[in-house]
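Beneath this line is the structure, given in structure tokens, with notes to follow.
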DNA sequence: GTGCTCATGTAAGGCGTTACATGATTAT
DNA sequence: ATAATCATGTAACGCCTTACATGAGCAC
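Chains as they are written, first to last, in the working numbering: chain A, 1 to 219; chain B, 1 to 219.
Here you go:
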């Protein structure tokens, strides 16, 4: 029964929040008073290019966590126009200090990527050329759609100084998705080349792969 | 008490496995008989460029799941050279059918990206230029390291036909990480430009951001 | 009055990780 | 001897999602 209490973690605090918590606190660090609903919509809107957006329910629980940690405070506001009361959150000075510290001092971790389309192409021996092309074309369309959204968002971006960095990341996103699109195109070419190299044989069912040897391990 | 049993899910089977299960089954689809340990090492080695590699314990539990689903079978093998017995897994015909079907027919989902470095740069108003550069430089080094690994792996790749697609994804990875590296360099330039545009003011602490208005919502 | 969106949650559970336990073999 | 590596797990827990519950205004 070794049940590690997380009091130790709570004492050291700060550094130990999950990434998603920092993302939410980061959203609040622009200084506005926002509701969970607002936060979700804004994060869908602004982080989607480079950071998987958490669900509503997670946003709400992260906000509770942040409030308990003293990094945010909340109050109920009655709506002028009759609509129901809402709870809005504002970052505290401690929250500001903590998130600034995190952004400045946390180790630079590699991005987390789960590239489903690429996983399927890696399993190309299970597919026919036409199906590979289909996966790539759809991914290409997705990438181009994202790129265009990044461009559109950047066009409507604010001019204020504190919005310069979100704008910079939109520029990054535009290039990132352009690259993703071009990489798909390049792979389509590679596949075409591979197919033509295979000769005239249409290879509708290219015969069960002759069990390859051990995966080429290297130390 | 609405407790949805997952019998329904188990009946329809097939399509419903989590992505990580398909990844493990995909590793087995190359036809080799592999232990959990082998699988973990091989997945670290081969999928790392485009798909987050699961932990040992998850590999073991996925293998149990696959065996229960009838997609893999296992047996114990005694080692000639004295080392301890191990359990090795082999894909079944049903497993082969299922994974082929998944690879061919599953919807093409967008890749999942959690780009920590970009999240921090998005919060540029919390950082000083030097710290932004530091984050970008480290990310750039990571990307270049990955690119070189992809090149090295491709050089040592097998020639057999069924390995053509893994080799193709290595080529993709090489370009992907080259792009990631170049995107970081471009952003370093953008930041330098932004800084020089800010004028001679060193802006060591650029004054608390003058609360920007509401996040520019658009429908 | 019916159905939609706004708004805020709770409940249940799946996914996935870290830490730990264990024991055998191999290297020093 | 001892430390490291191989190998296979279990326990506990944290993250995160889906589905559900609820209720108030608003459009038709």
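Quick reminder that beta carbons are idealized off the backbone N, C-alpha and C, glycines included.
Taking residue 140 of chain B as the centre and dropping the five residues before and after it, the same chain places the C-beta of 181, 184 closer than 6 angstroms to its C-beta, in chain order.
Taking every protein chain shown into account, the CB of residue 76 of chain A has fewer than 16 other CB atoms within 10 angstroms, so this residue is exposed. Annotated three-state conformation of residue 74 of chain B is strand, per DSSP. Taking the Cα positions, residue 89 of chain B is about 17 angstroms away from residue 55 of chain B. Contact between residue 36 of chain A and residue 60 of chain A holds: their C-beta atoms lie close to 5 angstroms from each other, under 8 angstroms.
For residue 120 of chain A, the chain B residues whose Cβ falls inside 7 angstroms of its Cβ are 103, in order along the chain. Residue 57 of chain B counts as exposed, since fewer than 16 other C-beta atoms from the protein chains shown sit within 10 angstroms of its C-beta. In the DSSP assignment, no residue is bridged to residue 65 of chain A. Per DSSP, the continuous alpha helix (DSSP H) segment holding residue 136 of chain B begins and ends at 129-155. By the neighbour-count definition (other C-beta atoms within 10 Å, threshold 16), residue 162 of chain B is a buried residue. Of all alpha-carbon atoms in B:152, B:179, B:136, B:18, the one lying nearest the alpha-carbon of residue 69 of chain B is that of B:18. For residue 116 of chain A, the chain B residues whose Cβ falls inside 7 angstroms of its Cβ are 19, 109, 111, in order along the chain. Contact between residue 167 of chain A and residue 157 of chain A holds, with the beta-carbon distance rounding to 5 angstroms and staying under 8 angstroms. Contacts with chain B at 7 angstroms (Cβ-Cβ) include residue 100 of chain A. Under the three-state reduction of DSSP, residue 90 of chain A is assigned to strand. Bridge pairing for residue 47 of chain B: absent [DSSP]. Sequence-distant partners of residue 47 of chain B (beyond 5 residues in either direction) whose C-beta falls short of 7 angstroms from its own C-beta, in its chain, are 23, 53. Residue 113 of chain A carries a strand assignment under DSSP once its states are collapsed to helix, strand and coil. For residue 190 of chain A, the enclosing alpha helix (DSSP H) starts and ends at 164-197. Setting aside the 5 residues that flank it on each side, residue 65 of chain A is surrounded in the same chain by 17, 21, each with a C-beta closer than 8 angstroms to its C-beta; the list follows chain order.
Only residues of its own chain outside the window of five on either side were considered, and among them 191, 195 have a CB closer than 7 angstroms to the CB of residue 129 of chain A, listed in chain order. Counted as a single uninterrupted DSSP element, the stretch harbouring residue 124 of chain A is not any alpha helix (DSSP H), since DSSP gives it neither H nor E. Of the other Cβ atoms in all chains shown, fewer than 16 fall within 10 Å of the Cβ of residue 78 of chain B; this residue is therefore exposed. Separation of residue 188 of chain B and residue 136 of chain B (C-alpha to C-alpha, rounded to the nearest whole angstrom) is 7 angstroms. Between the region 111-131 of chain B and the region 91-102 of chain B there are fewer than three C-beta pairs closer than 8 angstroms, too few to call the two in contact. Considering only A:45, A:28, A:32, the residue with the shortest C-alpha distance to residue 63 of chain A is A:28. At least one C-beta of chain A is nearer than 7 angstroms to the C-beta of residue 183 of chain B. Taken atom to atom, the span from the alpha-carbon of residue 111 of chain A to that of residue 113 of chain B is near 7 angstroms.
With respect to chain B, the C-beta atom of residue 25 of chain A has no partner C-beta closer than 7 angstroms. Distance from the Cα of residue 173 of chain A is smallest, within the candidate group A:154, A:186, A:26, A:86, for A:154. Nearest CB-CB separation between residue 95 of chain B and chain A: not below the 7 angstroms threshold. For residue 169 of chain B, the closest alpha carbon among the candidates A:147, A:125, A:169, A:104 is that of A:125. A check of alpha carbon separations from residue 101 of chain A across B:131, B:106, B:74, B:107 identifies B:131 as the nearest. In the three-state scheme derived from DSSP, where H, G and I count as helix and E and B as strand, residue 35 of chain B is classed as strand. DSSP places residue 22 of chain B within a helical segment (H, G or I) once states are collapsed to three.
Under the Cβ criterion of 7 angstroms, residue 189 of chain A is not counted among the residues facing chain B.
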